[in-house]
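Quick notes on the structure that follows.
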Amino acid sequence: MIYTLTLNPALDRTFYVERLVQYESIRVHREERYPGGKGIDVSRVIKQLGGESIALGFLGGYTGREMEGRLINEGVVGHFVWIRDETRTNVIVHTREGGEEIRFNCPGPRVSPQELAELMHHCRHLRPKPEFVVISGSVPEGVDPVVYEELILIFESQGARVILDTYGEPLRKGLQATPFMIKPNRTELAGLVGKELSSLEDVVSAGKELHRYVEIVTVSLGPEGLVGITRDGTYHAIPPKVEAVNTVGAGDSTVAGMVLALKRGLDIPEVFRYGAAAGTASTLTPGTATVRPQDFERILAQTTVKRID
Ligand SMILES: Nc1ncnc2c1ncn2[C@@H]1O[C@H](COP(=O)(O)OP(=O)(O)OP(=O)(O)O)[C@@H](O)[C@H]1O
Ligand SMILES: [Mg+2]
């Protein structure tokens, strides 16, 4: 089974308004409510591409209950640990007149030591057995970034291969537990190695520095696709040029495509091709990390992988 883990999920509420006017009450024409968070996004795309996964993480309060219900309606299976504080809400305001998008990211819940311990216990006893675990996104308040290192060790002791998609301190600490793969974008990798990475060669040599910790370093490069660095070879997966509608969550869709290809036993160049194609397909829909299977199939056929070492 594939598992995804989101320690800091959020309910995204998008308000559609005509324009923003000071000192007047503003009519919201339409509201969308969407369960988000990076691991949850990965689970959603796995489902859309015909795969199965179980989402793990923390949920709390009425917002948590709503997220749980919405996920069930999307066909995303979740085994969550319940916390006392309320799950985070983000508010996004779209103005029709100016075409602006304004985002308010509310503070997240505080996770108590007891709640964290319950999650660790849950993760030590996963049924069905975890084959792949995707750990994505940020660490909530009250939890030390070392948590990812500990969780990776817990998953690996059950025979799982772990994919870590985060940045900053949690990524640095997580590397110590030698996950199977990481998927930074160019900026996240630059932050990790402390260098500017302007050319493709810079990206490849920075990625190679990390081979003492991970087997596969996948660096996503937006419209330029991705570079996949393994000990046996380095590859560049190049998607076709598209009119992108929304690139938020493209990286999560990439991770979903890759883990599905790995689970299906496809060879390494094909895993990179799936990743780039799923990421690019997700940019064609307005929803965050939302992939139409027919877009994926079409883009996959137009995505090339070339060996670059
Ligand atoms: N503008 C674009 N045009 C075509 N493909 C894109 C574009 N942006 C992203 N992609 C595809 O999606 C993949 C992942 O994108 P990106 O590098 O932006 O990830 P990311 O920064 O981790 O995104 P996020 O964290 O928001 O999910 C790329 O490798 C590429 O295949
Ligand atoms: Mg990302």
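Sequential numbering of the sequence shown, starting at 797, is according to the working numbering.
Backbone N, C-alpha and C define an ideal beta-carbon position, used for all residues, glycine too.
Can you tell me whether DSSP reads M797 as helix, strand or coil? Three-state DSSP puts M797 in coil, outside helix and strand.
Ligand 1 and A806: does any heavy atom of the ligand fall closer than 8 Å to the residue's C-beta? No, Cβ of A806 sits at least 8 Å from all heavy atoms of ligand 1.
Please state the DSSP three-state secondary structure of L1022. Annotated three-state conformation of L1022 is strand, per DSSP.
V942 to G895 span [Cα, whole Å]: Straight across, the Cα-Cα distance linking V942 with G895 is about 41 Å.
In chain order, what residues of the same chain lie with their CB nearer than 7 Å to the CB of S1016, ignoring the 5 residues before and after it? Around S1016: K979, N981, L1022, G1047, T1050, G1075.
Rounded distance between the beta-carbons of D837 and T1084, thought under 8 Å: Confirmed, about 6 Å.
Can at least three beta-carbon pairs, one atom from the stretch 1063-1079 and one from the stretch 948-966, be found at a separation below 8 Å? No, the stretch 1063-1079 does not touch the stretch 948-966.
For P803, the three-state DSSP class (helix, strand or coil): Here residue 803 turns out to be Leu, not Pro, going by the sequence shown. L803: coil per DSSP, three-state reduction.
Would you tell me roughly how many angstroms separate the C-alpha atoms of L971 and Y1009, rounded to the nearest one? Those two C-alpha atoms are separated by around 6 Å.
Report back the beta-carbon spacing between A1079 and V1041 to the nearest angstrom; my notes put them in contact at under 8 Å. The sequence shown places Thr at residue 1079, rather than the Ala named in the question. Rounded, the Cβ-Cβ distance is 6 Å, consistent with contact.
Can you give me the Cβ contacts of G1003 inside the same chain, cut-off strictly under 6 Å, excluding the 5 residues immediately before and after it? Within its own chain, the residues whose Cβ lies closer than 6 Å to the Cβ of G1003, once the five positions on either side in sequence are excluded, are V1013, V1015, I1025, listed in chain order.
Completely contained alpha helix (DSSP H) runs for the stretch 916-986, where each covers 4 or more residues: Counting only runs of 4 or more residues that sit fully inside the stretch 916-986, the alpha helix (DSSP H) segments are 943-952, 964-971, in chain order.
For Y858, which of helix, strand or coil comes out of DSSP? Three-state DSSP puts Y858 in a helix.
Using 10 angstroms around the beta-carbon of G853, count the other beta-carbons present and answer buried if the total reaches 16, otherwise exposed. Classification for G853: buried.
Just jot down, in chain order, the residues whose CB lies closer than 6 Å to any heavy atom of ligand 1. Each of N981, S1016, L1017, G1018, P1019, G1021, L1022, P1035, V1038, A1040, T1043, V1044, G1045, A1046, G1047, D1048, T1050, A1072, G1075, T1076, T1079 has a C-beta closer than 6 Å to some heavy atom of ligand 1; these make up the full list, in chain order.
Expected contact under 8 Å - CB spacing of M797 and K925 to nearest Å: About 7 Å separates the two Cβ atoms, so the contact holds.
Using 8 Å for Cβ pairs, my map puts G856 next to W878. What's the rounded Cβ distance? About 6 Å; that satisfies the 8 Å criterion.
Identify which residue in I1034, R1103, V935 has its Cα closest to the Cα of I1095. It is I1034 whose Cα lies nearest to the Cα of I1095.
E828: which of P1089, M863, I842 sits nearest, CA to CA? Comparing Cα-Cα distances from E828 to each of P1089, M863, I842, the minimum goes to M863.
Between K843 and ligand 2, is the CB less than 8 Å from at least one heavy atom? Answer for K843: no, Cβ out of range of ligand 2.
Answer yes or no: the CB of D961 versus the heavy atoms of ligand 2, is any distance below 8 Å? Yes - ligand 2 has a heavy atom lying nearer than 8 Å to the Cβ of D961.
Residue environment, A1089, which counts as buried when at least 16 other CB atoms sit within 10 Å: A small correction: the amino acid at residue 1089 is Pro; Ala does not occupy that position in the sequence shown. Counting the other Cβ atoms within 10 Å of the Cβ of P1089 gives fewer than 16, which makes it exposed.
Going by other Cβ atoms of all chains shown within 10 Å of its Cβ, with 16 needed for buried, is P909 buried or exposed? Exposed, because fewer than 16 other Cβ atoms sit within 10 Å of the Cβ of P909.
Helix, strand or coil for Y1009? Go by DSSP, reduced to three states. The answer is coil: DSSP assigns Y1009 none of H, G, I, E or B.
Can K991 be considered in contact with ligand 2, in the sense that its beta carbon sits closer than 8 Å to one or more heavy atoms? Outside the cutoff, so no.
9 Å Cβ cutoff, H1032 in contact with chain C: In summary, chain C is missing from the structure at hand, where a single protein chain is found.
For A973, count the other beta carbons within 10 Å of its own beta carbon; 16 or more makes it buried, fewer makes it exposed. Which is it? The residue is buried, with at least 16 neighbouring Cβ atoms inside 10 Å.
Hey, T883 and D808: beta-carbon distance below 9 Å or not? Not a contact, by the Cβ cut-off of 9 Å.
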